[in-house]
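Asker: This is the structure I have questions about; it appears just below.
In full-length UniProt numbering, the protein residues as written are 1 to 272.
Below, the structure written as structure tokens:
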């Protein structure tokens, strides 16, 4: 094995040892009571070594955020034919580990997620970091989703979709993570996280596919063919009424002619 690969494996082991030690310290003593020196000692490294891996104690609660976002971006880029935006988004979040059904891939990450939610309630620095990390992740995922579906999503629509799904999952899990003793059984925790996430995501998964977009030069028929104006009906005389009306008009015309000078005398002479 090349020396560089050996160094990478050693660094990964040290990093994981620090995370495991931090989780043990936070769970047993509390986040604020545990110090960087305590965590480093439990991981059998020095304090200087600790800061080679993590910039601060709060960073222990946010492992690998950039890697998770990149995993989501790769999932969006490899979308399958016929997938809806929401389906691609859900698969991207699973790939990123933000779907806690396989949160970061192991039970250690699930315990970190529980600690992060609990500590965020009382430690402003952790709360602010959590809000910033989630917002930055959502913005990048929404941008990639918008680029993948330019005909179906605009900037606002992509942000709304990502915010709705991530917000719903985060809100439900925040409540779940407040339950005391939840992290004691890591396998049971994983199952509970998966059940909660599936329940929250069910409405999006059951949505029908959107109607096809209208192509240029085509017109979508929404209603049956209806004439724009009624065809004129043929004229039908109104029987006796029509006959009497016509006779009255003829009499009026005849009377009018007789009233003209010379017309009456001419008519009388004609009768003689």
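Where is the CB? At the ideal position from N, CA and C, for every residue including glycine. All of these numbers come straight from a predicted model, not from anything done at the bench.
Throw me the rounded Cβ distance for the residue 86 and residue 161 pair, which I believe falls under 8 Å.
Answerer: Correct: roughly 7 Å between the Cβ atoms.
Asker: Measuring CB to CB, does residue 113 end up less than 8 Å from residue 54?
Answerer: Contact: no.
Asker: So, for residue 103: in the same chain, excluding its five sequence neighbours on each side, which residues have a beta-carbon less than 6 Å away from its beta-carbon?
Answerer: With a pLDDT of 40 at residue 103, under the threshold of 50, the modelled position of this residue cannot be trusted, and the question is left open.
Asker: When you compare each of 148, 139, 90 and 56 to residue 169 by their alpha carbons, which one comes out closest?
Answerer: Comparing Cα-Cα distances from residue 169 to each of 148, 139, 90 and 56, the minimum goes to 90.
Asker: Is the region 61-73 in contact with the region 37-53, if contact means three or more CB pairs nearer than 8 Å?
Answerer: Segments in contact, no.
Asker: Whole angstroms is fine: what's the gap from residue 120's alpha carbon to residue 126's?
Answerer: C-alpha separation (whole angstroms): 5 Å.
Asker: Following the continuous alpha helix (DSSP H) through residue 152, name the residue where it begins and the one where it ends.
Answerer: No alpha helix (DSSP H) holds residue 152; DSSP gives it neither H nor E.
Asker: Assuming residue 115 and residue 23 form a contact by the criterion Cβ under 8 Å, report the distance between their Cβ atoms to the nearest whole angstrom.
Answerer: Confirmed, about 7 Å.
Asker: I'd like the span of the alpha helix (DSSP H) that includes residue 120, first residue to last.
Answerer: It spans 107-120 - the alpha helix (DSSP H) in which residue 120 sits, taken as one unbroken run.
Asker: Who are the Cβ neighbours of residue 131 in its own chain at under 6 Å, not counting the five residues just before and after it?
Answerer: Around residue 131: no qualifying Cβ.
Asker: Do residue 75 and residue 92 count as a contact pair if the criterion is CB distance below 8 Å?
Answerer: Yes; because the gap between Cβ atoms is below 8 Å, this pair is in contact.
Asker: Less than 8 Å separating the beta-carbons of residue 158 and residue 133?
Answerer: Not in contact: residue 158 and residue 133 (Cβ atoms no closer than 8 Å).
Asker: Is it the case that the CB of residue 76 approaches a heavy atom of the ligand ADP more closely than 7 Å?
Answerer: The ligand ADP is absent from the structure shown, which contains no ligands of any kind.
Asker: With a floor of 3 residues, list each beta strand (DSSP E) that falls wholly inside the UniProt domain "HTH tetR-type" (12-72), ordered by position along the chain.
Answerer: The UniProt domain "HTH tetR-type" (12-72) contains no whole beta strand (DSSP E) run of 3 or more residues.
Asker: Leaving out five residues before and five after residue 77 in sequence, what residues of the same chain have Cβ atoms less than 8 Å from its Cβ?
Answerer: Cβ neighbours of residue 77 beyond the five flanking positions: 144 and 148.
Asker: Counting C-beta neighbours from all protein chains within 10 Å, is the total for residue 137 16 or more, i.e. buried, or is it exposed?
Answerer: Classification for residue 137: buried.
Asker: For residue 33, does the count of other Cβ atoms within 10 angstroms reach 16, so buried, or fall short, so exposed?
Answerer: Burial call: exposed.
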